[in-house]
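Please read the structure below before turning to the comments.
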Ligand code: AMP
Ligand code: ZN
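Residue numbers (the numbering used here): 20 to 511.
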């Protein structure tokens, strides 16, 4: 909205471990890069938290563009379909090759399937499509060119491939160490397996040469031998190709602050021959964690104990219920995953939908107060390092403010939807009713049984009405007589 003036956007920059006022390098072209998924397995809801966070950031930038006089906001997300090893720290097997071998499938099929599933989940969560999906294997030639350009001054070869000499760039690992005493923050060194001949333990492979006899499905020729790129290379290459160097904001999960992003920065510095890290702001979301017995730990694909968005849907939970659960926590805080927390978020979403339907059912009315104050609360909350919990409170206060005419509240809702992505402008009650995969009855049948029950009650046939209630209960449906929100059934 052009007529909105906004407080300056402050974002917590991992480079300084401080909140900093955000100013784009080129206001005509605001540029964001997000490290994308490795597509060897299903994405779990923890991974999706990272993309929900990036989406909230991009939505916030777009909502401010007019007020700030910015032009377009471009967002690139990559798809990692090669190079990511089982250890982030440059050791182990290629995750894609290993998964394909164990399933006896072509690696390309595997990547296609998990990419499609990921993009389906992106859509279901209301995450805006990025301006560009950048697929790693579509950029091998550019990766070889990048590596060739930095090799003479920054790399050395070992039998295993071309290695980056981290001693050749200024202040290697600053991103990992920032805000600590310089030792404790860790640059992931302890997690790095020794490779004979490396000059420094943190040195990493830029190009990995296939071992004699190694049977790789994905490999390409290069000046250093036939093989595959190291994982960190793709993000330096694709961010530079699509967004230029330097660009504005680089995002990822907090695990990337330790190894992947310091290595990207080192490559970026080598490529530009300067100390610039390649992006002005580096933003990291904290983990979705789950309690496992007595321990609470990061949800991770390799642990096997993961929850997918599809498994939420199978239990009858709308994906936007998960989005709301994420918005209830600040992105830099850990968020504990629990089914009870998820159900509570879904109930909150239902109340929001209910409130909007109530407003729609009574148009007209006059305002004795302006919705502008709530827009200001929204803008102030988001300007404060994307404070989504506060933005949600502003949304609820706005919907409940009887001094503002229903139509004016509906109009203000669009601004909240633009930033929070809850789609309340169009989401209907029926949409929130998802039939669980195990349900033995479908929605029209439930409606039919409830109509029969109303008839029975009308005829004072309470035995029949109770019998219908019991039947529905057996099918997993709880009848809700006199629900204050006006729902007539829910999943038991
Ligand atoms: P990956 O496919 O493992 O490269 O992860 C994709 C994105 O999800 C990265 O930005 C990770 O940092 C992020 N991520 C992985 N696990 C979690 C988690 N449990 N909570 C939040 N973000 C995560
Ligand atoms: Zn990356």
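Quick reminder that beta carbons are idealized off the backbone N, C-alpha and C, glycines included.
Report back the beta-carbon spacing between residue i and residue j to the nearest angstrom; my notes put them in contact at under 8 Å.
i, j, result
"residue 92", "residue 49", "4 Å"
"residue 360", "residue 453", "That pair is no contact at about 18 Å."
"residue 246", "residue 238", "6 Å"
"residue 290", "residue 168", "6 Å"
"residue 410", "residue 439", "6 Å"
"residue 68", "residue 339", "Not really, about 14 Å apart at Cβ, beyond 8 Å."
"residue 397", "residue 270", "Rounded, the Cβ-Cβ distance is 21 Å, inconsistent with contact."
"residue 146", "residue 71", "6 Å"
"residue 64", "residue 300", "Actually they are not in contact, since the Cβ atoms of residue 64 and residue 300 sit about 26 Å apart, beyond 8 Å."
"residue 151", "residue 183", "Not quite, the Cβ-Cβ distance comes to about 26 Å (not below 8 Å), so this is no contact."
"residue 214", "residue 177", "7 Å"
From residue i to residue j, what does the alpha carbon distance come to, in whole angstroms?
i, j, result
"residue 373", "residue 447", "8 Å"
"residue 318", "residue 422", "44 Å"
"residue 235", "residue 248", "13 Å"
"residue 149", "residue 407", "21 Å"
"residue 55", "residue 435", "26 Å"
"residue 28", "residue 138", "29 Å"
"residue 345", "residue 405", "12 Å"
"residue 158", "residue 257", "8 Å"
"residue 304", "residue 33", "10 Å"
"residue 87", "residue 26", "10 Å"
"residue 233", "residue 227", "12 Å"
"residue 286", "residue 188", "9 Å"
"residue 162", "residue 283", "13 Å"
"residue 337", "residue 376", "18 Å"
"residue 403", "residue 30", "7 Å"
"residue 208", "residue 114", "Confidence at residue 208 is low in this model, with a pLDDT of 45, below 50, so its placement is unreliable and the value that follows should be read with caution. C-alpha separation (whole angstroms): 21 Å."
"residue 202", "residue 272", "Because the pLDDT of residue 202 is 45, which lies under 50, any placement of that residue in the model is unreliable, and the number read from its coordinates should be weighed accordingly. Each residue's Cα considered, the two are about 22 Å apart."
"residue 508", "residue 499", "5 Å"
"residue 52", "residue 348", "23 Å"
"residue 74", "residue 475", "49 Å"
"residue 220", "residue 429", "58 Å"
"residue 425", "residue 495", "36 Å"
"residue 58", "residue 102", "11 Å"
"residue 117", "residue 274", "22 Å"
"residue 204", "residue 196", "Note that residue 204 has pLDDT 39, beneath the 50 cutoff, so the model's placement of it is unreliable and the number below is only indicative. Cα-Cα distance, rounded: 5 Å."
"residue 206", "residue 431", "Any reading at residue 206 is ruled out, since the residue's pLDDT is 42, under 50, leaving its predicted position unreliable."
"residue 297", "residue 281", "11 Å"
"residue 241", "residue 165", "12 Å"
"residue 185", "residue 173", "8 Å"
"residue 325", "residue 483", "44 Å"
"residue 315", "residue 384", "51 Å"
"residue 9", "residue 413", "Outside the displayed range of the chain (20 to 511) lies residue 9, so it cannot be described from this structure."
Can you tell me which of the options puts its alpha carbon nearest to the alpha carbon of residue i?
i, options, result
"residue 230", "243, 220, 222 and 188", "243"
"residue 351", "306, 181 and 491", "306"
"residue 322", "311, 395 and 147", "311"
"residue 493", "481, 500 and 457", "457"
"residue 78", "260, 466 and 433", "433"
"residue 133", "496, 398 and 61", "61"
"residue 42", "64, 23, 57 and 90", "90"
"residue 488", "469, 146 and 506", "469"
"residue 129", "99, 112 and 143", "99"
"residue 255", "63, 288, 223 and 463", "288"
"residue 333", "326, 386 and 455", "455"
"residue 104", "278, 46, 441 and 480", "278"
"residue 379", "327, 393, 445 and 324", "445"
Determine whether the Cβ of residue i lies closer than 8 Å to any Cβ atom of chain D.
i, result
"residue 344", "Chain labels in this structure do not include chain D; a single protein chain is all it has."
Heavy atom of ligand 4 less than 7 Å from the Cβ of residue i, yes or no?
i, result
"residue 307", "Only ligand 1 and ligand 2 can be found as ligands here, which leaves ligand 4 out of the picture."
Curious, which full-length beta strand (DSSP E) runs of at least 3 residues does the segment 155-205 contain? 174-177 and 180-183
For ligand 2, enumerate in chain order all residues having a CB closer than 5 Å to any of its heavy atoms. 54 and 254
Could I get the ranges of all uninterrupted beta strand (DSSP E) runs contained in the segment 217-269, with 3 residues as the minimum, in chain order? 223-228 and 246-248
Minimum length 4: unbroken alpha helix (DSSP H) runs contained in the segment 303-344: 328-333
Segments assigned alpha helix (DSSP H), at least 4 residues, entirely inside the segment 391-447: Within the segment 391-447, the complete alpha helix (DSSP H) runs of at least 4 residues are 391-402, 407-419 and 425-439.
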